[in-house]
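Its first residue numbered 7, the sequence shown is counted upward by one per residue in the numbering used here. Remarks on the structure that follows.
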Amino acid sequence: MTQRDKSLQKFCGKVLIVGAGNAATKLLKVFQEHPDLKIIGVVDINPQAPGLTVAREMNIPTGADYHPFLQQKPHLILNLTGQQAVQEQLLREKEAESEVIGGNSALLLWTLISLYQEKENLHDQYELLQRELQKSAGDDFITGTNPRMQEVYNLILKVAPTPTTVLIRGESGTGKEVVARLIHKNSPLKDKPFITINCTTFSPTLIESELFGYTKGAFTGAIRNQPGLLELAHGGTVFLDEIGDLPLEMQAKLLRFLQSGEIRPVGSTTTKKVQVRVLAATNRNLETMIERGEFRADLFYRLNAFTIVLPPLRERREDIPLLAYHFLQRAKAKVNKQVTGIETEALNILMQYNWPGNLRELENVIERAVVLTETDAIRVQDLPLVLREEYPESSLKVETDKGGLPALKQRMLAHIEREAIKQYLKENNGNITKAAQAARISRRTFHRLLLKYNI
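Below is the structure:
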């Protein structure tokens, strides 16, 4: 049984499609090839909806009212309107044996099975996207389709080649260190040291010696000269994580280093010249801390030369399916378990939860679920109780993108496809023929994608 058949198996029977936009048009073409599915009707209040035309060509009944079709007791009702009011009305009026899928659930179904449209090249593209998703398990930075994250990625690419100091801001778990590493990776210093200094892990009495180093005899236990982390990072990048937790006294000394490029090890009377690029991050409101006298304004202005702000996960919900599958790939490799998917209801809950711990919390939830599941997919019962209690299946709200389901799907897949094409081209030194062979698609298809994404 193919993966496609597995995806559709649970939906065998009579299907009613409500909403006949572009999504319905493409789904109809996919469903037409599955003999166990019988489309009993396609409904839309807009008589010019493209899905109605396609349905008539396929001799499928159409209409503006779904009520007559409900009398046929469809096994599955696909709500592709993106309207919560329609979803609630269908849930009230359907027969007990009918299942209504809409909102995020319809998005997931649409994303999975519409990959098989356009026979000429979509199978090749699907394999390409799947391989890229698997490759991305080794790369922590996932932009997704959220416009703010796309802007973050653009800022990273612009600032990375420069020596500019960067302040990365965002809640805990949003991926600030990942951004710092990506800046370093895309900078001229990529082959030089990258050293992370977590300002919360050192006591006030130790942080100076850790940063600047010390000389033999500087204090009890200093039995030899020891270079500090800043000196060890010479020629490379130093990442000051949680800079807002740095003691005031150390803030002044760090500022002097940023201004002069010189350090003085503890116990020494001489200074050393150290050349590093400084990246800093915080989850705290530094402006408020300045007002309270807890953070130096001059240090803030020095660090704030270029700022990147990471949105919390709750403000980029459209990226959760892609992120969840990214973390799934990593988790199944880590625990050596063949888990290939996430059930629709479970993904619905993941998309509704507010994620106070952001990406870190999502990754932990996925890994836990991979360990717990007894099937080849993550189920609702595999999710933590706090998620299941807060968002029981019966109370899930429908959330849609302003552009509707097709827009969400299209942005998600287009981004992955574009990045994959760029990577294959890079790995083959710009040789289109070799890149197409590596991607297992025709040269013509590869060239068309280059034009499509203006690469």
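The C-beta atom is built at its ideal place from N, Cα and C for all residues, glycine as well. Small disclaimer: the values here were computed from a predicted structure and weren't measured.
- For aspartate 50 and serine 448, the gap between their C-alpha atoms comes out near 38 Å.
- By the beta-carbon neighbour count (other beta carbons within 10 angstroms, threshold 16), glutamine 281 is exposed.
- In this structure, alanine 303 keeps its C-beta atom at 9 Å or more from the C-beta atom of isoleucine 249.
- With fewer than 16 neighbouring CB atoms inside 10 Å of its own CB, histidine 73 falls in the exposed class.
- Residue pairing from DSSP places arginine 175 in a beta bridge opposite Thr288 and Val315.
- One alpha carbon belongs to alanine 30, the other to isoleucine 314, and they sit about 39 Å apart.
- By the criterion of at least three beta-carbon pairs nearer than 8 Å, the region 373-389 is in contact with the region 329-349.
- Between glutamine 344 and arginine 308, the C-beta gap is not smaller than 9 Å, which leaves the two residues out of contact.
- Phenylalanine 225 counts as exposed, since fewer than 16 other beta carbons sit within 10 angstroms of its beta carbon.
- Cα atoms of lysine 198 and valine 284: separation of roughly 13 Å, rounded to the nearest angstrom.
- The three-state reading of DSSP puts glycine 273 in coil, since its state is none of H, G, I, E or B.
- One alpha carbon belongs to isoleucine 189, the other to phenylalanine 200, and they sit about 10 Å apart.
- About 13 Å separates the beta carbon of leucine 356 from that of alanine 383, a gap too long to meet the 8 Å contact definition.
- Of the residues assessed, aspartate 247 falls on the buried side of the cut-off, its CB having 16 or more other CB atoms within 10 angstroms.
- Exclusion of the five residues before and after leucine 238 leaves Pro199 and Ile201 as the residues of its chain whose Cβ lies within less than 8 Å of its Cβ.
- Ranked by Cα distance from threonine 87, the options Glu99, Lys79 and Ala55 are led by Ala55.
- In the same chain as glycine 363, and ignoring 5 residues on each side of it, the C-beta atoms closer than 8 Å to its own belong to Ser178, Gly179 and Asn370, in chain order.
- Per DSSP, the beta-bridge partners of proline 233 are Gly219.
- Distance from the CA of histidine 240 to the CA of glutamate 216, rounded to the nearest whole angstrom, comes to 15 Å.
- Going by beta carbons, leucine 173 and asparagine 192 fall outside the 9 Å limit.
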